[in-house]
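Heads up: the protein sequence lines correspond to chains A and B, in order.
Under the numbering used here, the first residue of the first sequence carries the number 1, and numbering increases by one thereafter.
Under the numbering used here, the first residue of the second sequence carries the number 139, and numbering increases by one thereafter.
The C-beta atom is built at its ideal place from N, Cα and C for all residues, glycine as well.
The structure appears below as structure tokens.
Protein chains: 2
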Amino acid sequence: MTITVMRGLIKRGALAKQLGCSLETIRYYEGIGIMPEPMRTQSGHRLYGREEQERLRFILRCRELGFSIQELRRLLSMVDSDHFTCGEVHELTQEYLQSVSEKIADLRKLEHTLKAISMECAGGDAPDCPIIEALYGS
Amino acid sequence: MTITVMRGLIKRGALAKQLGCSLETIRYYEGIGIMPEPMRTQSGHRLYGREEQERLRFILRCRELGFSIQELRRLLSMVDSDHFTCGEVHELTQEYLQSVSEKIADLRKLEHTLKAISMECAGGDAPDCPIIEALYGS
DNA sequence: TTAAGGTCTGTAGTTACTACAGGTGCAAGA
DNA sequence: TCTTGCACCTGTAGTAACTACAGACCTTAA
Chain A
1 MTITVMRGLI KRGALAKQLG CSLETIRYYE GIGIMPEPMR TQSGHRLYGR
51 EEQERLRFIL RCRELGFSIQ ELRRLLSMVD SDHFTCGEVH ELTQEYLQSV
101 SEKIADLRKL EHTLKAISME CAGGDAPDCP IIEALYGS
Chain B
139 MTITVMRGLI KRGALAKQLG CSLETIRYYE GIGIMPEPMR TQSGHRLYGR
189 EEQERLRFIL RCRELGFSIQ ELRRLLSMVD SDHFTCGEVH ELTQEYLQSV
239 SEKIADLRKL EHTLKAISME CAGGDAPDCP IIEALYGS
């Protein structure tokens, strides 16, 4: 008992707290196979060691950066294969970076359009609204 | 028969084609209650008049601008109530506009971070990658 | 000992659709 | 008139990435 604690094994709740994610997220990642099935206590409670903790941290960082689970799988399979090259990783990152840039461009266009529509409208108690008209009108 | 055609009633497929959305989307909008239950032919095929066509166009435009279905419901309930004020519409639009601006800011920060990480990496055949290290390292 | 709270499993809900399966309707050519 | 092929019908399941239960079991502190 004391030994397992000394080895730095922690349960799901502690892991979640440590890395600031939810309990269920961890189980979900296990379910979809990006986190390994962990050791268990005799009664079935999950136990995570240092390696799993680092893996989860990696996953959460990538998600925070907006990588999809799909992209994460690719990254993880490289990491797991242990013979990835810098070029492969760079390529994936560049692809993703481009999709981010595109999303920014789209949102900016959208912002512009909305501002233009919205500027027509003075607000207040007027019963007709140029915003609605701009959207509803033919 | 000829009469219904002359009245401009069209079926679901024609409506979808006209407005460039999918068949199923229309049924979905009906299911969640933002499109009304339309007239039917005797055999059960949906028939849409001018009013429904305009409503769907409004919905599709709003979605294109990124309004969520939730926000759309608010807009539609104003339009339906027929006594909305310009101020109410303006408020909703401003709220949404702010969320768009925030999203842009977040994505830009992300872009910046990714570029910084990615610049460390030369690509090529090197077996270790600073991108992975930046993400995986403590 | 007991009560509170942590953990377990499985399943349903979220958003905004999309994609079937399996069954009818309809229009046009032979 | 028949038939062929597309349009349309319904209901349900799948998508992404989780979140939120319910109902049971485990653990720990008072």
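In the three-state DSSP reduction, methionine 177(B) falls in the strand class (E or B). Cα atoms of proline 130(A) and phenylalanine 196(B): separation of roughly 14 Å, rounded to the nearest angstrom. Taking a Cβ-Cβ cut-off of 9 Å, the neighbours of serine 239(B) in chain A comprise Leu107, Glu111, given in sequence order. For glycine 123(A), the nearest CB of chain B lies under 8 Å from its own CB, placing it at the interface with that chain. For the pair glutamate 202(B) and glycine 44(A), the Cα-to-Cα distance works out to about 48 Å. DSSP, read as helix, strand or coil, puts isoleucine 34(A) in coil. The alpha-carbon of cysteine 200(B) is positioned some 34 Å away from that of cysteine 21(A).
Looking at the backbone, the Cα of aspartate 266(B) and that of threonine 25(A) are separated by about 29 Å. Beyond the five residues adjoining it in sequence on each side, tyrosine 186(B) comes within less than 6 Å, by CB distance, of Ile148, Leu153, Pro176 in the same chain, given in chain order. Under the three-state reduction of DSSP, leucine 15(A) is assigned to helix. Between arginine 108(A) and isoleucine 242(B), the C-beta gap is smaller than 8 Å, which places the two residues in contact.
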